[in-house]
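Heads up, the sequence shown is in numbering that gives the first Met the number 0, so the first residue is 0 and it goes up one at a time. Report on the following structure.
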Amino acid sequence: MSELPVAKVILLLNLFCVFLIVKRHRFDWELRLRNSFGIDRHWWIPVIALGFAVFFSVVSFSSIQTAFVEKFEIIALIFSFGVMAEGLRSSGFFRHLAYRIVERGNGDTGKLILSMFILTSSITFFTSNDIVVYVLTPIIVSICFQAGIENTKLILLSQFIAANTVSMGMLIGSPTNLILAESVGLDFFSYLFLMVLPALVAFGASFLLLKITVRLLKNEKLPFFSDLEFCDSYTMPDENPVPEFRPQMRDWILIFGFFVGLVAVVTLMDHSLLWCAAPATAVSLVYWHFSGNHKTGVRGLLGRLPYGIFFFGMTFFIFAEQFSRTGFVNTELVPFLQNFFHNNTLKTVFTGIFGSGVMVNMFLDLPSAAIISQVISKLEIGFVAEKILTQASLIGLNIGTYVTSIGALAGLIWFDEIRAQRELEEGDSPGLDTEMIFPNRVDLLRYGVLHFLFTGVIAAVFLLIEAGLIKLFFR
Numbered sequence: 000m001s002e003l004p005v006a007k008v009i010l011l012l013n014l015f016c017v018f019l020i021v022k023r024h025r026f027d028w029e030l031r032l033r034n035s036f037g038i039d040r041h042w043w044i045p046v047i048a049l050g051f052a053v054f055f056s057v058v059s060f061s062s063i064q065t066a067f068v069e070k071f072e073i074i075a076l077i078f079s080f081g082v083m084a085e086g087l088r089s090s091g092f093f094r095h096l097a098y099r100i101v102e103r104g105n106g107d108t109g110k111l112i113l114s115m116f117i118l119t120s121s122i123t124f125f126t127s128n129d130i131v132v133y134v135l136t137p138i139i140v141s142i143c144f145q146a147g148i149e150n151t152k153l154i155l156l157s158q159f160i161a162a163n164t165v166s167m168g169m170l171i172g173s174p175t176n177l178i179l180a181e182s183v184g185l186d187f188f189s190y191l192f193l194m195v196l197p198a199l200v201a202f203g204a205s206f207l208l209l210k211i212t213v214r215l216l217k218n219e220k221l222p223f224f225s226d227l228e229f230c231d232s233y234t235m236p237d238e239n240p241v242p243e244f245r246p247q248m249r250d251w252i253l254i255f256g257f258f259v260g261l262v263a264v265v266t267l268m269d270h271s272l273l274w275c276a277a278p279a280t281a282v283s284l285v286y287w288h289f290s291g292n293h294k295t296g297v298r299g300l301l302g303r304l305p306y307g308i309f310f311f312g313m314t315f316f317i318f319a320e321q322f323s324r325t326g327f328v329n330t331e332l333v334p335f336l337q338n339f340f341h342n343n344t345l346k347t348v349f350t351g352i353f354g355s356g357v358m359v360n361m362f363l364d365l366p367s368a369a370i371i372s373q374v375i376s377k378l379e380i381g382f383v384a385e386k387i388l389t390q391a392s393l394i395g396l397n398i399g400t401y402v403t404s405i406g407a408l409a410g411l412i413w414f415d416e417i418r419a420q421r422e423l424e425e426g427d428s429p430g431l432d433t434e435m436i437f438p439n440r441v442d443l444l445r446y447g448v449l450h451f452l453f454t455g456v457i458a459a460v461f462l463l464i465e466a467g468l469i470k471l472f473f474r
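Put into structure tokens, the structure is as follows:
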């Protein structure tokens, strides 16, 4: 098959897979498969697509081999995240922090929303967006039921936005960070040096917009988002389910700190990420087994890990590897982008942020990061321009994921966690006087686009100033 059709087929396969995976409708046999074994579409649809690509010679075995050798370590690291997420969740640490915020809110809903945004951002910076979405979402839903916050839209939407904003700040904040950093040779510390300021700027922009939104909603001066309005006060929960800091919380924080330290050392020494994933996973499983503080054994923990990410992630890594080898990329796309970005920081910044942000909502974040990383690694645009483009792309890859539910698997997880906790709370509280209001996909799109545009523009201005200062001092 000639080069251009190969590139087109790979892009179409990406789009088709994403469409089928994020489509909410499931046949009865799919529901039975999911309920019985936890197997959903992101397990088997990528495998079928890969089989199709191999059968019709769209993908070579050389690309498959290269993708496995170079990218399997990222999948292993995601699994270690899954183990530690379960540990942090079972320890009650996040619940402890969240209820402390509720107590300090003194019944002021606006203050609670802003405080939860700060809490989510802080936890995300030191952990990852997936952990925060998975662990903190059901806690916030539970708090809303107990505190009588009937309209949960703004507090949950702002939590999801926070989780996918500050995630750009550290290498471990999102799998997309790892993919892009690896392609341009960034270790833990060089990544932190490169992205900590953009992350703080993005956080400040989003927090400012949220604060303005809260103030306007309180004064009923935001007609386009009147459905986000909330009662000014909430009922203090009867008790804090986790009032004290427990030894189990300390232990899991230390385990996660051990993991972060491993990532820092291993990336600095340019070794495989397997040297982080394997020890961290082993320590987590050993602690889980011998601590005696968990309701389920190691087998139950292993049964909840996101095994589908292996099939999903590896398939798209293979597609990205093959895509990068096509003549379309090497003889058309790369030369075009080099000319497009040449001596034009404005184009570099805005294309990096908004181009990658749009891309994640077409291909999901992992496939987008894989494709973008392959392209950036081939560009010859100079040291400063490459760093600015890397920063811009990382910003877009992170903040683009909160525009729609298909920007990342975290969006699907977020809606699933809201639904599951809502059903649990309604089952425990059959006599609710009023119906709770939860965000839907249209709410996420409307509010997500607002934050994406505002934060993206502010971040772009920051990068333009940064680029100007670099050129001024190092010319």
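Note that the Cβ used here is the ideal one computed from N, Cα and C, for glycine as well. Keep in mind that this is a model prediction, so the values were computed, not measured.
query: Answer with buried or exposed for W287, where buried requires no fewer than 16 other C-beta atoms within 10 angstroms of its C-beta.; result: buried
query: Identify the continuous alpha helix (DSSP H) that holds E181 and give its terminal residues.; result: P174 to V183
query: Ends of the alpha helix (DSSP H) at R25?; result: Taken as a continuous stretch (DSSP letters only), R25 belongs to no alpha helix (DSSP H), as it is neither H nor E.
query: Counting only runs of 4+ residues fully inside the stretch 229 to 296, write out the alpha helix (DSSP H) ranges in chain order.; result: 246 to 267 and 273 to 290
query: With DSSP run on the structure shown, which of helix, strand or coil describes D442?; result: helix
query: Find out if the Cβ-Cβ distance for the pair E416, Y133 is shorter than 8 Å.; result: yes
query: Just the Cα atoms here: how many angstroms apart are L122 and F55?; result: In the sequence as displayed, the identity of residue 122 is Ile instead of Leu. Approximately 46 Å, taken between the alpha carbons.
query: Does DSSP classify I405 as helix, strand or coil?; result: coil
query: From I464, L471, A459 and L449, pick the residue whose C-alpha is nearest to that of F206; which is it?; result: L449
query: Cutting at 7 Å between CB atoms, please list the residues of its own chain near F479, excluding the five before and the five after it.; result: This structure leaves residue 479 out entirely; the chain is present only between 0 and 474.
query: Which runs of the beta strand (DSSP E), 3 residues or longer, sit entirely within the stretch 8 to 56?; result: none
query: Alpha carbon to alpha carbon, how far is E102 from Q420?; result: 21 Å
query: If you measure between the beta carbons of V165 and A204, is that distance less than 8 Å?; result: no
query: Give the single residue among L14, L261, I138 and I398 whose Cα lies nearest to the Cα of P278.; result: L261
query: Give me the Cα-Cα distance between S404 and F473, rounded to the nearest whole angstrom.; result: 42 Å
query: Just reading off the alpha helix (DSSP H) that K110 is part of, what are its end residues?; result: T108 to F125
query: Just curious, the alpha helix (DSSP H) that N338 is in, first and last residue?; result: V333 to F340
query: At the 8 Å Cβ level, is F318 part of the contact set with chain B, yes or no?; result: The chain inventory of the structure shown lacks chain B, comprising one protein chain alone.
query: Hey, would you say T350 sits closer than 8 Å to A466, going by beta carbons?; result: no
query: Quick check on the DSSP output: the alpha helix (DSSP H) that includes S376 runs from which residue to which?; result: D364 to K377
query: Using the Cα positions of F202 and A161, report the straight-line distance between them to the nearest angstrom.; result: 7 Å
query: Please name the residue in M194, L221, V241 and G172 whose C-alpha comes closest to that of L388.; result: M194
query: Does DSSP put I139 in a helix, in a strand, or in coil?; result: helix
query: Can you have a look at P438 and say buried or exposed, based on whether 16 or more other CB atoms are within 10 angstroms of its CB?; result: buried
query: Which residues mark the beginning and the end of the alpha helix (DSSP H) in which S61 is found?; result: F60 to S90
query: May I ask you to list the residues that DSSP assigns as paired with N218?; result: Its beta-bridge partners do not exist; DSSP assigns none.
query: Drop a sphere of 10 angstroms on the beta-carbon of I27, count the other beta-carbons inside from all chains shown, and report buried for 16 or more, exposed for fewer.; result: Correcting the residue type first, residue 27 is Asp in the shown sequence and not Ile. It counts as exposed.
query: Suppose contacts are defined by Cβ-Cβ distances below 8 Å. Is E228 in contact with L216 by that definition?; result: yes
query: In or out: E238 buried (at least 16 other Cβ within 10 Å) or exposed?; result: exposed
query: Put N150 into one of helix, strand or coil per three-state DSSP.; result: strand
query: If you measure from the CB of I436, is any heavy atom of the ligand FAD nearer than 7 Å?; result: For the structure depicted, the ligand FAD is absent and the ligand set is empty, with no information on it obtainable.
query: Check the C-beta distance from F80 over to D129 and give it rounded, since I have them as a contact under 8 Å.; result: 6 Å
query: Under three-state DSSP, which class holds I436?; result: strand
query: Among K386, M248 and N105, which residue has its Cα nearest to the Cα of K470?; result: K386
query: With a CB to CB cut of under 7 Å and the five nearest residues on each side skipped, what residues in its chain are close to G147?; result: Y233 and T234
query: Using CA coordinates, which residue listed in R23, L76, F322 and R445 is at the minimum distance from L11?; result: F322
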